[in-house]
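Numbering-wise (the numbering used here), the sequence shown opens with residue 44 and increments by one.
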Amino acid sequence: MKTEDITPTDTAGGTGHGPPAPPDRTDDRARRAGRADLIAAAAGVLLVTAAVVVGHVIQNRDGSLRAQWPPLLASWDPHLGPGTPAALVMAVLVVAYGPPLAARLPWRGLLAAAWAGSMAWVFALALIDGWHRGVAKRLTTKHEYLRVIDRFEDIPATLRDFTNHIVIGEPGNWPAHVAGHPPGATLTFVWLDRIGLGGGAWAALWCVVVGSSAVLAALITVRVLADERLARRAAPFLVLAPAAVWAGVSADGYFTAVAAWSVALLALAATRRVRFPAVAALGGGLLFGWTCYLSYGLGLMAAVLLAVLVLARTARPVPLFLLGALVAPVAFTLAGFNWWTAYHLLVERYYQGAGGVRPYGYWVWANLACATLAAGLAAVAGLRRSAVAAPGAVRAALRRGPATASPEGRLALLVLAALAALLAADLSGMSKAETERIWQPFLLWLLPAAALLPRRRVRYWLVASAVPALLINHLLWTGW
44 MKTEDITPTD TAGGTGHGPP APPDRTDDRA RRAGRADLIA AAAGVLLVTA AVVVGHVIQN
104 RDGSLRAQWP PLLASWDPHL GPGTPAALVM AVLVVAYGPP LAARLPWRGL LAAAWAGSMA
164 WVFALALIDG WHRGVAKRLT TKHEYLRVID RFEDIPATLR DFTNHIVIGE PGNWPAHVAG
224 HPPGATLTFV WLDRIGLGGG AWAALWCVVV GSSAVLAALI TVRVLADERL ARRAAPFLVL
284 APAAVWAGVS ADGYFTAVAA WSVALLALAA TRRVRFPAVA ALGGGLLFGW TCYLSYGLGL
344 MAAVLLAVLV LARTARPVPL FLLGALVAPV AFTLAGFNWW TAYHLLVERY YQGAGGVRPY
404 GYWVWANLAC ATLAAGLAAV AGLRRSAVAA PGAVRAALRR GPATASPEGR LALLVLAALA
464 ALLAADLSGM SKAETERIWQ PFLLWLLPAA ALLPRRRVRY WLVASAVPAL LINHLLWTGW
């Protein structure tokens with residue numbers, strides 16, 4: 044594929060420069076682009092197939108993958124549940140009516156519908172496993188945050204002592220998820236408990252309701268950095284994201300929303316598309332600081348934040364953003380928790396457990412198969428289009444500034460920034476397996492790439508997103 048394959052008349056978008064191509068030439072380019080999309084999707088299917096086949100061989104040989112159904116952390120468990128009819132109906136409704144509704148609804152109506160649709164899809168998938176197994180008890184298992192609520196009666200004392208319980212072998216070492224994250228993650232559920240919303244059901248509702256709002260943050264960001272047309276076209280894919288299988292219910296869905304709103308607020312401040320840009324910049328910084336105390340790896344979201352500033356052609360919000368970003372680190376440090384010390388102890392804990400056994404040579408590419416399943420084939424094809432559009436956008440940016448790039452080019456650069464963050468996480472070796480869940484904050488920003496696909500095929504690509512999610516949730520027990 045060449046950059047010329049995207050033309051002004053291609054429904055996937057284009058640079059908008061030069062006279063329209065003759066109809067026959069345009070049709071030929073559109074056909075070639077469509078074939079390339081299918082090839083990209085087929086490559087994604089082959090990657091997943093290879094990860095499944097090779098993974099089962101390795102796991103059956105020596106068990107070193109520490110995953111019963113590689114590359115996913117799951118086990119074979121065909122089943123139906125109370126959420127099955129709702130999930131099927133939800134998928135059909137979004138495929139049939141999502142694109143036209145996204146095009147016609149008033150903007151605020153679209154945001155409300157997208158949030159409601161995302162929550163409905165996540166809850167429906169979770170309820171395939173039943174209320175008790177799929178929702179209420181998900182965050183109460185032996186590895187989860189709710190197992191240690193009673194150890195936070197004295198929060199300042201617990202924070203001062205937090206790092207003493209990260210490494211296995213220390214008295215009272217934390218469960219895996221508590222040890223694997225900064226204390227902001229656990230404190231969220233402690234505070235919910237303090238206000239009377241204790242227990243697994245309330246924790247699950249929090250993660251799904253807040254986590255689903257990430258869709259709104261992504262739509263707002265795409266609208267202000269690219270354009271509203273692309274945001275509307277991305278909406279059905281964000282609602283029907285396969286990642287919903289692992290968002291319902293896990294704390295990573297909540298982490299995704301916090302990180303996403305940090306990006307959205309910075310985008311609003313940088314483009315001055317909000318009444319009080321200074322407040323938005325400060326709020327974005329506050330959320331980014333909090334993000335870094337929810338998960339150690341989410342500092343990599345800085346790549347997406349940097350892309351926002353580059354696309355908006357301004358550094359004006361940076362001082363206030365950084366001021367806001369310092370609040371959480373200063374507060375936690377003064378309370379006695381040292382982020383860097385905790386991170387180094389986490390690395391030690393990681394290699395004491397499954398991370399020290401799982402082979403890097405398999406997971407470094409099988410992680411990408413997990414990401415393919417969680418993002419969906421539409422996102423894979425959209426990434427191909429992003430890679431095609433990016434060089435032209437970069438050339439336009441170098442010549443006349445990012446604002447002169449086409450909306451498709453600006454969206455492509457935002458998507459590729461998220462991909463760069465994801466690849467950095469992959470190469471680090473600190474994400475061997477479980478990336479279908481852990482990488483949700485990065486995967487969210489790959490989904491809008493589907494807006495670059497042709498309108499006439501959008502329903503086929505939505506089906507390609509929904510069907511694998513339904514199959515995974517009905518055939519496997521994911522544990523999340």
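Backbone N, C-alpha and C fix where the C-beta goes; we use that ideal spot for every residue, glycine too.
Predicted, not measured: the structure shown is a model, and the values here were computed from it.
What does the Cβ neighbour count give for residue i, buried or exposed, with the cut at 16 atoms within 10 Å?
{"i": "V292", "result": "buried"}
{"i": "D295", "result": "buried"}
{"i": "H175", "result": "exposed"}
{"i": "R442", "result": "exposed"}
{"i": "Y394", "result": "exposed"}
{"i": "P143", "result": "exposed"}
{"i": "A284", "result": "buried"}
{"i": "G177", "result": "buried"}
{"i": "F319", "result": "exposed"}
{"i": "V373", "result": "exposed"}
{"i": "V132", "result": "exposed"}
{"i": "A358", "result": "exposed"}
{"i": "N410", "result": "buried"}
{"i": "D71", "result": "exposed"}
{"i": "T384", "result": "exposed"}
{"i": "A509", "result": "buried"}
{"i": "A155", "result": "exposed"}
{"i": "D172", "result": "buried"}
Who pairs with residue i in a beta bridge, going by DSSP?
{"i": "I192", "result": "DSSP output for I192 lists no bridge partner at all."}
{"i": "W245", "result": "W245 is not bridged to any residue."}
{"i": "W119", "result": "L519"}
{"i": "V383", "result": "Looking at the sequence itself, residue 383 is Trp, so the reference to Val does not match. Answer is none; W383 lacks a bridge partner."}
{"i": "W112", "result": "L115"}
{"i": "E213", "result": "I211"}
Compute the Euclidean distance between the alpha carbons of residue i and residue j, then round it to the nearest angstrom.
{"i": "I515", "j": "R109", "result": "19 angstroms"}
{"i": "L123", "j": "T521", "result": "14 angstroms"}
{"i": "Y140", "j": "A346", "result": "34 angstroms"}
{"i": "A167", "j": "A130", "result": "5 angstroms"}
{"i": "F298", "j": "G212", "result": "29 angstroms"}
{"i": "S107", "j": "G398", "result": "10 angstroms"}
{"i": "G61", "j": "V267", "result": "Caution is warranted here: a pLDDT of 44 is assigned to G61, below 50, making its placement in the model unreliable, and the coordinate value is therefore given only provisionally. In a straight line, the C-alpha of G61 is about 25 angstroms away from that of V267."}
{"i": "L519", "j": "W119", "result": "5 angstroms"}
{"i": "L457", "j": "V288", "result": "24 angstroms"}
{"i": "S305", "j": "L348", "result": "8 angstroms"}
{"i": "G435", "j": "G452", "result": "7 angstroms"}
{"i": "A269", "j": "P214", "result": "52 angstroms"}
{"i": "R194", "j": "G227", "result": "14 angstroms"}
{"i": "A440", "j": "A86", "result": "31 angstroms"}
{"i": "G472", "j": "P149", "result": "44 angstroms"}
{"i": "D469", "j": "R480", "result": "13 angstroms"}
{"i": "L240", "j": "S449", "result": "47 angstroms"}
{"i": "E196", "j": "G77", "result": "58 angstroms"}
{"i": "A157", "j": "V317", "result": "21 angstroms"}
Can residue i and residue j be called in contact, C-beta distance under 7 angstroms?
{"i": "L496", "j": "A424", "result": "yes"}
{"i": "H220", "j": "H186", "result": "yes"}
{"i": "L489", "j": "A461", "result": "yes"}
{"i": "L90", "j": "A412", "result": "yes"}
{"i": "A134", "j": "L487", "result": "no"}
{"i": "A455", "j": "A432", "result": "yes"}
{"i": "G126", "j": "L170", "result": "yes"}
{"i": "L95", "j": "R502", "result": "Here residue 95 is Val; the residue named in the question, Leu, does not match the sequence. Contact: no."}
{"i": "A313", "j": "A260", "result": "no"}
{"i": "F375", "j": "Y336", "result": "yes"}
{"i": "A302", "j": "T334", "result": "yes"}
{"i": "D160", "j": "V253", "result": "The sequence shown places Gly at residue 160, not Asp. No, Cβ-Cβ distance for G160 and V253 is not below 7 angstroms."}
{"i": "A145", "j": "L343", "result": "no"}
{"i": "W482", "j": "A414", "result": "yes"}
{"i": "A278", "j": "V165", "result": "no"}
{"i": "L388", "j": "T229", "result": "no"}
{"i": "G340", "j": "A371", "result": "no"}
{"i": "P121", "j": "G98", "result": "no"}
{"i": "L465", "j": "F485", "result": "yes"}
{"i": "A83", "j": "R276", "result": "no"}
{"i": "L363", "j": "A321", "result": "yes"}
{"i": "A476", "j": "R401", "result": "yes"}
{"i": "V351", "j": "L309", "result": "yes"}
### Message
For the structure I just gave you, are there three or more beta carbon pairs, one from the region 350-368 and one from the region 327-335, closer than 8 angstroms?
### Response
yes
### Query
Does the count of Cβ pairs from the region 424-437 and the region 393-411 closer than 8 angstroms reach three?
no
### Query
Are at least three pairs of beta-carbons, each pair with one atom in the region 241-250 and one in the region 193-201, less than 8 angstroms apart?
no
### Query
Are the region 186-196 and the region 218-238 in contact at 8 angstroms, needing three or more beta carbon pairs?
yes
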